[in-house]
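The structure appears below as structure tokens.
Right, dumping it as structure tokens:
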């Protein structure tokens, strides 16, 4: 039975006798690194068999040392999962095994603390882990949050997958993570690569770094809706936001992305971003998102027609707004049309093609034409 060399066993035992917080294995340089409370330690390996076999022996040694069993991560994680617990102690033990999969399990654990996150980041400082950790508010508000955002900023140019780019931008733009200068640079980059704009739309829908003015009739609409807004009508508030400078910047940014999306992932992310933002403007919150444009058209028509079955199913705030402001029917219709939007409307097209770029945009024209019509209505163009 193969074992670690006597020299390696001795040196590893000496290193691990300290208060070790995390362990990582550098397979390229054949070294084991340990993070301690005050410093880092390193042991170079001297394999006495094939490298891959020796690394496996090292992991078995670590598992036996810290867990009392050579089974390592697979055995421990199954027990941990059955217990249904994500205690710091359990998460911390996973970081002592030198197992990349164990580190990934830790960064995905709900309620991960900043301290455990710091150790996990030391083990595997990779962009995917940075994104995952920045989904946790405690981590965002810690010193580590700044380091994670800086990593994503520096590596953004090397990302090629739209979903990862969007998530990186969204996460970096959380309050307090990057300074105004870097935020402005990201926005400048977004003018050349509009997938970045989807991240901006998700992260800061009310504070986009653009300069579009409020709609010409903003003051008129504000006066018309004054009573409803005082009474707390959520739909009236959303209409007023749409015609404000903030809302106009949002709609205009959506328009600019929709004009020239690079591929299907950008389209899907944009449509779902619209869905999430406009959900509060949806009069029937139990709505099942439809694929057919005609079905959306009919739903919208019914919702702005007092007395229709769907109108009577909508909430009282919506009914009051429609009944008192017939002269705003176009704006209200465009607003709730976008509230009916999700990736479902492009599923029939994307199910039949893998096209990207110009060809994809051509195939999407019936869908995007409907979207552009509502967007330009809201922009007052």
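Numbering (our numbering), first residue to last: 218 to 598.
Even glycine gets a Cβ: it sits at the ideal position worked out from N, Cα and C.
Rounded to the nearest angstrom, how far is the Cβ of residue i from that of residue j, given a contact under 8 Å?
i           : j           : result
residue 279 : residue 261 : With a Cβ gap of about 16 Å, residue 279 and residue 261 do not count as contacting.
residue 313 : residue 240 : 5 Å
residue 379 : residue 480 : 6 Å
residue 338 : residue 346 : 7 Å
residue 527 : residue 470 : That belief does not hold up - the Cβ atoms of residue 527 and residue 470 are roughly 30 Å apart, past 8 Å.
residue 460 : residue 434 : 7 Å
residue 508 : residue 443 : 39 Å between Cβ atoms; not a contact.
residue 349 : residue 325 : 6 Å
residue 257 : residue 251 : 7 Å
residue 553 : residue 517 : 6 Å
Mark residue i as exposed unless 16 or more other C-beta atoms lie within 10 angstroms of its C-beta, in which case mark it buried.
i           : result
residue 464 : buried
residue 445 : buried
residue 512 : exposed
residue 266 : exposed
residue 242 : buried
residue 414 : buried
residue 449 : exposed
residue 417 : buried
residue 496 : exposed
residue 574 : exposed
residue 368 : buried
residue 556 : buried
residue 253 : exposed
residue 328 : exposed
residue 436 : exposed
From the DSSP output, read off the bridge partner residues of residue i.
i           : result
residue 253 : 237
residue 260 : 249
residue 242 : 249
Report the rounded CA-to-CA distance for residue i versus residue j, giving the unit in angstroms.
i           : j           : result
residue 492 : residue 419 : 11 Å
residue 451 : residue 382 : 33 Å
residue 397 : residue 333 : 29 Å
residue 506 : residue 565 : 13 Å
residue 352 : residue 504 : 28 Å
residue 361 : residue 393 : 12 Å
residue 581 : residue 510 : 12 Å
residue 343 : residue 524 : 57 Å
residue 275 : residue 232 : 13 Å
residue 501 : residue 237 : 55 Å
residue 408 : residue 590 : 23 Å
residue 531 : residue 548 : 18 Å
residue 389 : residue 569 : 35 Å
residue 406 : residue 377 : 14 Å
residue 355 : residue 578 : 41 Å
residue 282 : residue 255 : 21 Å
residue 458 : residue 533 : 20 Å
residue 235 : residue 474 : 54 Å
residue 224 : residue 363 : 40 Å
residue 319 : residue 285 : 17 Å
residue 412 : residue 263 : 48 Å
residue 249 : residue 307 : 21 Å
residue 439 : residue 430 : 15 Å
residue 535 : residue 529 : 10 Å
residue 593 : residue 358 : 39 Å
residue 447 : residue 384 : 37 Å
residue 476 : residue 540 : 35 Å
Does residue i come within less than 8 Å of chain D when only Cβ atoms are used?
i           : result
residue 237 : This model lacks chain D altogether, as it is built from one protein chain only.
Residue ranges of each alpha helix (DSSP H) within the segment 519-570, 4 or longer: Whole alpha helix (DSSP H) segments, 4+ residues: 526-530, 533-541, 546-556, 564-567.
Uninterrupted alpha helix (DSSP H) stretches inside the segment 325-363 (no shorter than 4 residues): With a minimum length of 4 residues, the continuous alpha helix (DSSP H) runs that stay inside the segment 325-363 are 331-340, 344-350, 354-357.
Runs of alpha helix (DSSP H) lying entirely within the segment 411-483, each at least 4 residues, in chain order: Taken in chain order, the unbroken stretches of alpha helix (DSSP H) that lie wholly in the segment 411-483 and span 4 residues or more are 412-420, 435-441, 443-447, 451-460, 462-476.
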